[in-house]
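Notes to accompany the following structure.
Number of protein chains: 2
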Amino acid sequence: MSTLSVVGIGPGSDEHTTPAALKAISEADVVVGYSTYVKLVKHLIEGKEVFRTGMTEEIERARFAVTRSRAGAKVAVISSGDAGVYGMASLVLQVLSEEGWHRGEPPELRLVPGMTALNSCGSLLGAPLGHDFCAISLSDLLTPWPVIARRLEAAASADFVIALYNPASGRRTRQIVEAQQIIARHRPGTTPVGLVKSAYRKMEHVVLTDLDHILEYEIGMLTTVIVGSTNTFVHEGYMVTPRGYTNKYTWDGAALPGQTPGRSLVLGKESV
Amino acid sequence: MSTLSVVGIGPGSDEHTTPAALKAISEADVVVGYSTYVKLVKHLIEGKEVFRTGMTEEIERARFAVTRSRAGAKVAVISSGDAGVYGMASLVLQVLSEEGWHRGEPPELRLVPGMTALNSCGSLLGAPLGHDFCAISLSDLLTPWPVIARRLEAAASADFVIALYNPASGRRTRQIVEAQQIIARHRPGTTPVGLVKSAYRKMEHVVLTDLDHILEYEIGMLTTVIVGSTNTFVHEGYMVTPRGYTNKYTWDGAALPGQTPGRSLVLGKESV
Numbered sequence: 000m001s002t003l004s005v006v007g008i009g010p011g012s013d014e015h016t017t018p019a020a021l022k023a024i025s026e027a028d029v030v031v032g033y034s035t036y037v038k039l040v041k042h043l044i045e046g047k048e049v050f051r052t053g054m055t056e057e058i059e060r061a062r063f064a065v066t067r068s069r070a071g072a073k074v075a076v077i078s079s080g081d082a083g084v085y086g087m088a089s090l091v092l093q094v095l096s097e098e099g100w101h102r103g104e105p106p107e108l109r110l111v112p113g114m115t116a117l118n119s120c121g122s123l124l125g126a127p128l129g130h131d132f133c134a135i136s137l138s139d140l141l142t143p144w145p146v147i148a149r150r151l152e153a154a155a156s157a158d159f160v161i162a163l164y165n166p167a168s169g170r171r172t173r174q175i176v177e178a179q180q181i182i183a184r185h186r187p188g189t190t191p192v193g194l195v196k197s198a199y200r201k202m203e204h205v206v207l208t209d210l211d212h213i214l215e216y217e218i219g220m221l222t223t224v225i226v227g228s229t230n231t232f233v234h235e236g237y238m239v240t241p242r243g244y245t246n247k248y249t250w251d252g253a254a255l256p257g258q259t260p261g262r263s264l265v266l267g268k269e270s271v
Numbered sequence: 000m001s002t003l004s005v006v007g008i009g010p011g012s013d014e015h016t017t018p019a020a021l022k023a024i025s026e027a028d029v030v031v032g033y034s035t036y037v038k039l040v041k042h043l044i045e046g047k048e049v050f051r052t053g054m055t056e057e058i059e060r061a062r063f064a065v066t067r068s069r070a071g072a073k074v075a076v077i078s079s080g081d082a083g084v085y086g087m088a089s090l091v092l093q094v095l096s097e098e099g100w101h102r103g104e105p106p107e108l109r110l111v112p113g114m115t116a117l118n119s120c121g122s123l124l125g126a127p128l129g130h131d132f133c134a135i136s137l138s139d140l141l142t143p144w145p146v147i148a149r150r151l152e153a154a155a156s157a158d159f160v161i162a163l164y165n166p167a168s169g170r171r172t173r174q175i176v177e178a179q180q181i182i183a184r185h186r187p188g189t190t191p192v193g194l195v196k197s198a199y200r201k202m203e204h205v206v207l208t209d210l211d212h213i214l215e216y217e218i219g220m221l222t223t224v225i226v227g228s229t230n231t232f233v234h235e236g237y238m239v240t241p242r243g244y245t246n247k248y249t250w251d252g253a254a255l256p257g258q259t260p261g262r263s264l265v266l267g268k269e270s271v
């Protein structure tokens, strides 16, 4: 049976790509991807037919993959990170829906998860995602800016750790400035912020700074920005967002007065 | 040099565990983890010293790991998913900070990222995370409920896809009811919701339902709940959150009138 695999390869170094992703790529006859991502797996796809196109040509790639797999090929569409997170998986499903594809018909659809930038970048910064977080793409190429601004406002006001995907590009530089301003209305300028470029790739670059100073650094297409919550602190260059153990326990693991392990936190302090 | 690795093993089947995670576990002399997670890797840790404890004993595990690695052992602390996401990484860093550890001193700290439940569960549902999303833990064991409720309200009102971690346990059943009510004030009852239990493990169970009906299903400790945004739709049992291509392009990939590829979306419609 023909197959259509949509595969997340993780950050792009082999040590962080799962066996399931490798298998899906190796079993494919045809590999489809954005040129930059295809380069990351070029050692895995020798001898295969490759269809690579640039940015803004995602619909073309998705349609090619659907057409070829419906005609009988084994196709793997690759995304960096997780193909489900701002990646090709939703677009492929939209094209399948548009073309009236039904489950049980060829191709067999396989969605292979990967590690998204949240996780890869987070690990290079320490543990910024130790408590509730959200991901917001600052790209307004497909999303109206007011929708993005509203999400920034909501996330900042409710004290989420905030990961900004696609923060800027050569042409798109205004959004990260506005995002910084929106978040700064809700958090101190000393809030820790991590900037991670090309996590686990050759040009990896990690900066730990704070909300007041992020605009002094280079932020581009390959950067993920992680803004701490009001509880995030820095120790020895690591960003740490506590889960909340000290709300309930001493460092010896004993429950604080009035608290019971396994039961709801008894209120009295509002911090997380 | 002694090492302290904090390792995310992904959902818990070998095909989704990265080579970096396997390597960190195989190089350890001592493996530390929650009993359920230790079982998931038992074939990888034969012959090693194992320190496993139950829920609510996280501080004890973190302190054991820090103490043993400072004394010279190679220790791996394992979490399911990503150790940085509601996992052991932030607690280990807190204990290191508490004990006055500095970078350059033993142990050498290694943070090994993994695929979190967002990604593994998302892939089993389709592509629910195709646009902005957030993760909220419904556990109020360490976080005051008003903080959680405020985040639910913010995420629901700004139309994030919402992943609920730790939605319920045997004793903790009220939070998912309140969460459903908060979200339902902002989204139609027909909003798609996925319930994924034990993703990629033996007891895997996937339910696709909608916001009006989630409380009719079993939701427990091992369930992750993913609530769609107002743009999420279902095709053939797959949840799909569009990135927004149809705001700008036809299905032939041509830009709609007034729109330019690579440039900001020209407003006129407010949907994503």
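Protein chains in written order, with numbering that gives the first Met the number 0: chain A, 0 to 271; chain B, 0 to 271. All residues carry an ideal CB built from backbone N, CA and C; glycine is no exception.
For Tyr164(A) and Ser286(A), the rounded distance between their alpha carbons: Any answer about residue 286(A) is impossible in this case: the structure gives chain A only from 0 up to 271.
Distance, Val65(B) Cα to Pro106(B) Cα: Residue numbering aside, residue 106(B) sits at position 107 when the second sequence is read from its first letter. Residue numbering aside, residue 65(B) sits at position 66 when the second sequence is read from its first letter. The straight-line gap from Cα to Cα measures roughly 8 Å.
Partners in chain A for Asp209(B), counting only beta-carbon separations shorter than 7 Å: Position 210 of the second sequence, counted from the start, is the residue given in the question as residue 209(B). Chain A residues near Asp209(B): none, gap ~18 Å exceeds 7 Å.
Inside the stretch 129 to 216 of chain A only - beta strand (DSSP E) runs reaching at least 3 residues: 132 to 136, 160 to 164, 191 to 196 and 204 to 209
Cα-Cα separation between Glu59(A) and Glu97(A), rounded to whole angstroms: Position 60 of the first sequence, counted from the first residue, corresponds to residue 59(A). Position 98 of the first sequence, counted from the first residue, corresponds to residue 97(A). Near 14 Å, if we compare the C-alpha coordinates of Glu97(A) and Glu59(A).
Distance cut-off 7 Å: Thr35(B) Cβ against heavy atoms of the ligand MN: With respect to the ligand MN, the structure shown offers nothing to examine, as it has no ligands at all.
Continuous alpha helix (DSSP H) stretch holding Gly121(A): start and end: Along the first sequence, one-based indexing puts residue 121(A) at 122. From DSSP, the alpha helix (DSSP H) with Gly121(A) extends over Ala116 to Leu124.
Sub-8 Å separation of Val226(B) and Ile175(B) beta-carbons: As a working note, residue 226(B) is residue 227 in the second sequence. As a working note, residue 175(B) is residue 176 in the second sequence. No. Outside cutoff.
Pro18(A) to Gly9(B) span [Cα, whole Å]: The sequence position of residue 18(A) within the first sequence is 19, counting from 1. The sequence position of residue 9(B) within the second sequence is 10, counting from 1. So the two alpha carbons sit approximately 12 Å from each other.
8 Å Cβ cutoff met for Tyr85(B) and Gly53(A): Translated into positions along the second sequence, residue 85(B) becomes position 86. Translated into positions along the first sequence, residue 53(A) becomes position 54. Contact flag unset, no.
8 Å Cβ cutoff met for Arg200(B) and Ser78(B): Here residue 200(B) refers to the residue found at position 201 when the second sequence is read from its first residue. Here residue 78(B) refers to the residue found at position 79 when the second sequence is read from its first residue. No, Cβ-Cβ distance for Arg200(B) and Ser78(B) is not below 8 Å.
Given Met238(B) as reference, the closest of Thr142(B), Gly121(B) and His204(B) once Cα atoms are compared: The count along the second sequence starts at 1 and reaches residue 238(B) at position 239. For Met238(B), the nearest C-alpha among the options comes from Gly121(B).
Residue nearest to Asn246(B) in terms of C-alpha spacing, selected from Trp144(A), Thr245(A), Thr222(A) and Met202(A): Here residue 246(B) corresponds to residue number 247 of the second sequence, with the count starting at 1. Looking at the Cα atoms, Trp144(A) is the closest of the given residues.
Contact check, Arg186(B) vs Leu210(B), beta carbons under 8 Å: Counted from its first residue, the second sequence places residue 186(B) at position 187. Counted from its first residue, the second sequence places residue 210(B) at position 211. Closer than 8 Å, so yes.
Any C-beta of chain A under 8 Å from that of Gly32(B): As a first step, residue 32(B) must be located in the second sequence, where it is residue number 33. No, Gly32(B) does not count as interfacial toward chain A.
Within-8 Å CB hit, Leu92(B) to chain A: By 1-based counting over the second sequence, the position of residue 92(B) is 93. So yes, Leu92(B) belongs to the interface.
Interface positions of the stretch 27 to 57 of chain B facing chain A (Cβ-Cβ less than 8 Å), listed along the chain: Met54, Thr55, Glu56 and Glu57
Close beta carbons around Thr229(A), own chain, < 8 Å, minus the five adjacent residues each side: Stepping through the first sequence from its first residue, residue 229(A) is reached at position 230. Contacts found: Asp158, Arg186, Pro187 and Thr190.
Within 7 Å of chain A by C-beta, residues of the stretch 224 to 245 of chain B in sequence order: His234, Glu235, Gly236, Tyr237, Val239, Thr240, Pro241, Arg242, Gly243 and Tyr244
Given Ala82(A) as reference, the closest of Ser4(A), His212(A), Gly257(A) and Leu95(A) once Cα atoms are compared: Indexing the first sequence from 1 puts residue 82(A) at position 83. Closest by alpha carbon: Ser4(A).
Residues from the stretch 148 to 180 of chain A in contact with chain B, defined by Cβ distance under 8 Å: Arg149, Arg150, Glu152, Ala153, Ala154, Ser156, Ala157, Asp158, Phe159, Arg170 and Arg171
Same chain only: Cβ atoms within 8 Å of Gln179(A), ignoring 5 sequence neighbours per side: Against the first sequence, residue 179(A) aligns to sequence position 180. For Gln179(A), where only same-chain residues beyond five positions count, the Cβ hits under 8 Å are Leu210, Ile213 and Leu214.
Alpha carbon of Val271(B) to alpha carbon of Thr231(B), nearest angstrom: On the second sequence, residue 271(B) is found 272 positions in, with the first residue counted as 1. On the second sequence, residue 231(B) is found 232 positions in, with the first residue counted as 1. Note that Val271(B) scores a pLDDT of 45, beneath 50, so its modelled location is shaky; the value from the coordinates is reported in the next line. Taking the straight line joining both Cα atoms gives about 10 Å.
Cβ-Cβ separation, Val6(B) to Ala23(B) (assumed contact under 8 Å), whole Å: Numbered from 1 along the second sequence, position 24 holds the residue referred to as residue 23(B). Numbered from 1 along the second sequence, position 7 holds the residue referred to as residue 6(B). The pair is a contact, with the Cβ atoms about 5 Å apart (cut-off 8 Å).
Beta-carbon gap between Thr16(B) and Arg109(B) smaller than 8 Å: Within the second sequence, numbered from 1, the residue matching residue 16(B) stands at position 17. Within the second sequence, numbered from 1, the residue matching residue 109(B) stands at position 110. Not a contact, by the Cβ cut-off of 8 Å.
Distance between Glu56(B) and Ile44(B) (C-alpha atoms, nearest Å): As a working mapping, residue 44(B) is identified with position 45 in the second sequence. As a working mapping, residue 56(B) is identified with position 57 in the second sequence. So the two alpha carbons sit approximately 21 Å from each other.
Local conformation of Ile24(A) per DSSP, three classes: By one-based count along the first sequence, residue 24(A) stands at place 25. In this structure, Ile24(A) counts as helix in the three-state DSSP scheme.
Beta-carbon proximity list for His42(A), same chain, < 8 Å, skipping 5 on both sides: The residue given as residue 42(A) occupies position 43 in the first sequence. No residues qualify anywhere along the chain.
Whole-Å CB distance - Ala155(A) paired with Ser89(B), under 8 Å assumed: Taking the first residue of the first sequence as position 1, residue 155(A) is located at position 156. Taking the first residue of the second sequence as position 1, residue 89(B) is located at position 90. 21 Å between Cβ atoms; not a contact.
Rounded Cβ spacing between Thr222(A) and Pro256(A) (contact assumed at less than 8 Å): Stepping through the first sequence from its first residue, residue 222(A) is reached at position 223. Stepping through the first sequence from its first residue, residue 256(A) is reached at position 257. Not confirmed; about 45 Å, so no contact.
Straight-line Cα distance separating Val74(B) from Arg67(B): If you number the second sequence from 1, residue 67(B) lands on position 68. If you number the second sequence from 1, residue 74(B) lands on position 75. Distance between the alpha carbons of Arg67(B) and Val74(B) is about 7 Å.
Cα-Cα separation, Arg69(B) to Phe63(B): Within the second sequence, numbered from 1, the residue matching residue 69(B) stands at position 70. Within the second sequence, numbered from 1, the residue matching residue 63(B) stands at position 64. C-alpha separation (whole angstroms): 10 Å.
For Lys38(B), the first and last residue of its enclosing alpha helix (DSSP H): The residue given as residue 38(B) occupies position 39 in the second sequence. Per DSSP, Lys38(B) belongs to the alpha helix (DSSP H) from Ser34 to Leu39.
Buried versus exposed call for Leu151(B) [16 or more other C-beta atoms within 10 Å across all chains shown]: Indexing the second sequence from 1 puts residue 151(B) at position 152. Leu151(B) comes out buried.
C-beta neighbour in chain A for Ala64(B), strict 8 Å: Here residue 64(B) is taken as the residue at index 65 of the second sequence, counted from 1. No, no contact with chain A.
Where the stretch 117 to 140 of chain A meets chain B: residues whose CB sits under 8 Å from a CB there: Leu117, Asn118, Ser119, Gly121, Ser122, Leu123, Gly125, Ala126, Pro127, Leu128, Gly129, His130, Asp131, Phe132, Cys133, Ala134, Ile135, Ser136, Asp139 and Leu140
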